[in-house]
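Residue numbers (the numbering used here), protein chains in the order written: chain R, 1 to 118; chain G, 1 to 699.
Virtual Cβ for every residue (Gly too), placed ideally from N, Cα, C.
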Amino acid sequence: MAKILVVDDAAFMRMRCSKLLTENGHEVVEAGTGREAVEQYKNTSPDAVLLDITMPDMDGLSALKEIRAHDPDARVAMVTAMGQQSIVMEALQAGAKDFVVKPFDADRVLAAVSKLVA
Amino acid sequence: MKLADDITSEDLKVFLEEAEEQLQLLDDEVIRLEKETTEEGLATIFRAAHTLKGSSAMLGYTAMTEVGHAMESLLVKLRNHEAAVTSTVVDALLHSLDVLRVLTDELIDEQGVVVDFASLVSELEACIGVKAPESSDSEAVGTIEITDETLGAIELSIAAGETVYRVNASIVGDAMFASIRLFQLTTELSDNAQLIAASPTLEDIQAEKNGLSFTAIIGSSKSVEELTQLSMSVQDIGDVAVSPFDVVSAKATQVTALANAPITPISNAVTESQKNPVAQTVRIDVDRLDNLMNLIGELVIDRTRLQQIGRSLSAKYKADDLVEALGKTSSHVAKVVNDLQEDFMKVRMLPIGTVFSSFPRMMRDLAKSLGKSLDFLVEGGETEIDRTVIEKVRDPLVHMLRNALDHGLESKDDRKTAGKPESGVIKLSAFHEQGHIVITVEDDGAGIHPEKIKKAFVAKGLISEEAASRLSDDEAVELIFLAGASTKAQATEVSGRGVGMDIVKSNIEAINGFVEVESTPGKGSIFTARLPLTLATVQSILVESEGTLCAVPIAYVLEAIKLSPSEISTVSSREVFRLRENVIPLISLSEATGLTDGTRNMDKELHVVVAKVGDRLAGFAVDSLNEPQEIVVKSLGEYVGSARGVSGASILGDGRVVLIMDIPTLISTVGVRSRKVTHAKELQQEIESAPNEPMEEAV
């Protein structure tokens, strides 16, 4: 049981993701933009973050950097679609621990989350 | 169409709502792109396409994902200036939007429409000028050449008490992310061991010069099992083999240098200290909002009752402490309810831009198909209006805009001849004015010629030549709101035959609105629609008819008059009266709604509400008239069903139920078209010369 911050500009994606995580006993906090994600991180100190890359009002990469600047131990996994390899790479270099590819299957998200909070 | 297994209808609903928003956004931005290309615009389009792609992939809706992906690829090129925004590109993007819409609609109604998205994808790819990417599986991998440096590192590692291992692994899952998975694996190993050498190296991986296999030499104090497990923990990595490294045989095969690439240090993000509070929004089902509005409506009614009871009580028990306390409490409740109602009305408001947003695309396409050049301007999209009104305003606006483009604007040649710029301008604006929203459609086209429209009406036999000659110019222009008004010689596909401004007018009047036109021949026309901000409350005159309390929305009331029996005549067994230049049919309100057979005391003076809908007039006789007041509309509900001539009901402060009259319906059955001076006079003469005699029914 961990507190996970789910960040995605698409409410549909947040809903799917939150549903999966809460069903598996996690607590979920949501954010719809990169800026919101940074705010939420500061306010709620989640155990892990699932962070979408393409978002309005601060993209995932900048949000990651801000979150890491605020908390160097932040555990963040990027959520990405195909075609964003180079950004993922940059994110991993910027301290993201893992990444999950959309469309994700449940097991992968859960595996990524348990690895993040381990 | 097959979707992911566990998609619920709720999921689908959220997906569709969001898809609709993204499509709308795309519509706007792509149209804007054609006018000016900005980084920001491209970024917005990219994000919307990306979101659609991601969400549809989640949904398991492959067709949509592929279209989204192709759009995204094109947009990446556009953003990187590797491709230019040409009209071909804009067309391809618009085509994508059309396909995406069809695909979304297909989710809703499952018509089984087959969409050729493959050809669209190649259309988009053609814009990039790129063929499908070739597989880069041919990179050399798997061998590490042992250098002196490597050996040195191995020896150091052994000296430090670590075991040296060789790790082999390969990508077994999704090869799409091979580089990133290998990057993760390398990082994982570096975190838990001394990475002595690797192939591909971290630099190669970062440059995506890697294949699907990986090999490394590491020094670590961890066991084979531990190392295997942590390698396997990276997704898509399999075939992991960790074995102790044979240093002796390796020494024999040392050749060239192989550096151990350092891992790029974490770059410190520049913290933008923007302390903007995060805007919090919640999505709410419209039904729930309506429900809440209903409850608030009840509260408003009870508030008024409470105040009335309070007043009666304090009149009865003067200076009673409890009554006074009750009075104070009830006036506080009244205030809170007022605020609640006011705030809630704001919650229900939407910017009219939600309706406007689809128009630029529509106008662009229409202008193209008509061969006209158009500058379409939109202003005041942020003007807010109740969602009950917003749903009903779209169709009339579409008609008005099409009319302006098709009938208003001249052809390019005609414009040149008239000394006007080739591009016509149509401006759509919205603003608030005195508790109403005003929407105008303004064009700089040919305007409406009073003489032309008169001729057309005479030719169609809609009015007599003599009547036409007596119409003022303003009156003639207003004729276009009559059925069959189209003056264009040929009916076009765009506006259809005689499409109607008459329909526009009746639609707008159906929501208690009002539309008018001002036109200057040669300069253009302005159509102005004035709409109520909400349909949840309505300003009405309360009348009593045969003991039933009825509300007549004030928007339809021309005036309220008193008639003496002598002022009433009968024409073709129908009662009429004269009001200035008009001869108006008279019917008792209770008869019109079918409550009574209409018999009444013929000697009494009558109260008459003269109502006007469009160009139709009727007088409704009632027993008494009251002051106008704001009433909260409540639907009649399922129990009553739809009653003819009654649009809703309300409850007054004193608990009495009042029926809200559906004046447009009532008047369409009894009203006559308003006749201006000329005709009215003829009619009047006929009435005077032959009272109580049958005559030809008016219109």
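What are the residues that DSSP puts in a beta bridge with residue i?
{"i": "Gln539/G", "result": "Glu630/G"}
{"i": "Ser220/G", "result": "Thr163/G"}
{"i": "Leu377/G", "result": "Lys427/G"}
{"i": "Ser650/G", "result": "Val658/G"}
{"i": "His436/G", "result": "Glu433/G, Pro532/G"}
{"i": "Leu238/G", "result": "The sequence given here has Gly at residue 238/G, not Leu. According to DSSP, which records beta bridges pairwise, Gly238/G is partnered with Ser170/G."}
{"i": "Arg619/G", "result": "Rather than Arg, the amino acid found at residue 619/G in this sequence is Gly. Answer is Leu586/G, Val610/G."}
Find the residues of chain R that neighbour residue i, judging by a C-beta separation of less than 7 Å, and give them in chain order.
{"i": "Met71/G", "result": "Near Met71/G there are no residues of chain R at all, since even the closest Cβ is about 11 Å away, more than 7 Å."}
{"i": "Gln206/G", "result": "Met89"}
Tell me whether residue i is buried or exposed, calling it buried when 16 or more other Cβ atoms sit within 10 Å of its Cβ.
{"i": "Leu295/G", "result": "exposed"}
{"i": "Arg656/G", "result": "exposed"}
{"i": "Thr534/G", "result": "buried"}
{"i": "Met71/G", "result": "buried"}
{"i": "Asp52/R", "result": "buried"}
{"i": "Asn626/G", "result": "exposed"}
{"i": "Phe527/G", "result": "buried"}
{"i": "Ala611/G", "result": "buried"}
{"i": "Thr33/R", "result": "buried"}
{"i": "Phe177/G", "result": "buried"}
{"i": "Tyr61/G", "result": "buried"}
{"i": "Lys604/G", "result": "exposed"}
{"i": "Arg675/G", "result": "Low confidence applies to Arg675/G: its pLDDT is 44, below 50, so where it sits in the model is not reliable enough to give any reading."}
{"i": "Glu66/R", "result": "buried"}
{"i": "Phe481/G", "result": "buried"}
{"i": "Pro46/R", "result": "buried"}
{"i": "Ala92/G", "result": "buried"}
{"i": "Lys505/G", "result": "buried"}
{"i": "Glu272/G", "result": "The predicted position of Glu272/G is uncertain, since its pLDDT is 35 and thus under 50; a value taken from the coordinates is nonetheless stated next. Counting Cβ neighbours within 10 Å, Glu272/G comes out exposed, since fewer than 16 surround it."}
Under DSSP, the alpha helix (DSSP H) around residue i begins and ends at which residues?
{"i": "Ile309/G", "result": "286-316"}
{"i": "Arg101/G", "result": "87-109"}
{"i": "Gln206/G", "result": "202-206"}
{"i": "Phe12/R", "result": "11-23"}
{"i": "Lys454/G", "result": "450-459"}
Which of the three DSSP states is assigned to residue i in this structure?
{"i": "Glu518/G", "result": "strand"}
{"i": "Gly700/G", "result": "Residue 700/G is absent from the model: chain G starts at 1 and stops at 699."}
{"i": "Tyr61/G", "result": "coil"}
{"i": "Arg738/G", "result": "With chain G covering 1 to 699 only, the question about residue 738/G has no answer from this structure."}
{"i": "Thr665/G", "result": "helix"}
{"i": "Asp443/G", "result": "strand"}
{"i": "Ala94/R", "result": "coil"}
{"i": "Ala48/G", "result": "helix"}
{"i": "Leu606/G", "result": "strand"}
{"i": "Gln85/R", "result": "helix"}
{"i": "Thr80/R", "result": "strand"}
{"i": "Lys77/G", "result": "helix"}
{"i": "Asp47/R", "result": "coil"}
{"i": "Phe177/G", "result": "helix"}
{"i": "Pro565/G", "result": "helix"}
Starting from residue i and walking both ways along the beta strand (DSSP E), at which residues does that stretch end?
{"i": "Lys427/G", "result": "424-433"}
{"i": "Val7/R", "result": "3-7"}
{"i": "Glu30/R", "result": "27-31"}
{"i": "Ala529/G", "result": "524-532"}
{"i": "Ile158/G", "result": "That residue, Ile158/G, is in no beta strand (DSSP E); its alpha helix (DSSP H) goes 148-159."}
{"i": "Asp413/G", "result": "That residue, Asp413/G, is in no beta strand (DSSP E); its alpha helix (DSSP H) goes 412-417."}
{"i": "Met58/R", "result": "First-last for Met58/R: undefined, no H or E at that position."}
{"i": "Pro351/G", "result": "349-351"}
Note down, in chain order, every chain G residue with its Cβ under 7 Å from the Cβ of residue i.
{"i": "Val88/R", "result": "Ile180"}
{"i": "Met1/R", "result": "Neighbours of Met1/R on chain G: none; closest Cβ ~21 Å, over 7 Å."}
{"i": "Asp9/R", "result": "Thr51"}
{"i": "Arg108/R", "result": "Gln235"}
Chain G partners of residue i, CB-CB under 9 Å?
{"i": "Asp98/R", "result": "Gln184, Val234, Gln235"}
Following a CB-centred definition, is residue i positioned closer than 8 Å to any heavy atom of the ligand ZN?
{"i": "Val102/G", "result": "Inclusion of the ligand ZN in the displayed structure is not the case, the ligand content being empty and no account of it being possible."}
Quick one: list the residues of chain R neighbouring residue i, beta-carbon separation under 8 Å, in chain order.
{"i": "Thr187/G", "result": "Leu92"}
{"i": "Asp11/G", "result": "Phe12, Met15, Arg16"}
{"i": "Ser55/G", "result": "Ala10, Phe12, Met13"}
{"i": "Glu18/G", "result": "Ala10, Ala11, Phe12"}
In chain G, what lies closer than 8 Å to residue i by C-beta?
{"i": "Lys115/R", "result": "Ser233"}
At 9 Å on the CB atoms, spell out the chain R contacts of residue i, in chain order.
{"i": "Glu225/G", "result": "Result: empty, since nearest Cβ-Cβ is about 17 Å, beyond 9 Å."}
Within 9 Å (strictly less), CB to CB, does residue i reach chain C?
{"i": "Thr54/R", "result": "The structure shown contains no chain C; its protein chains are R and G."}
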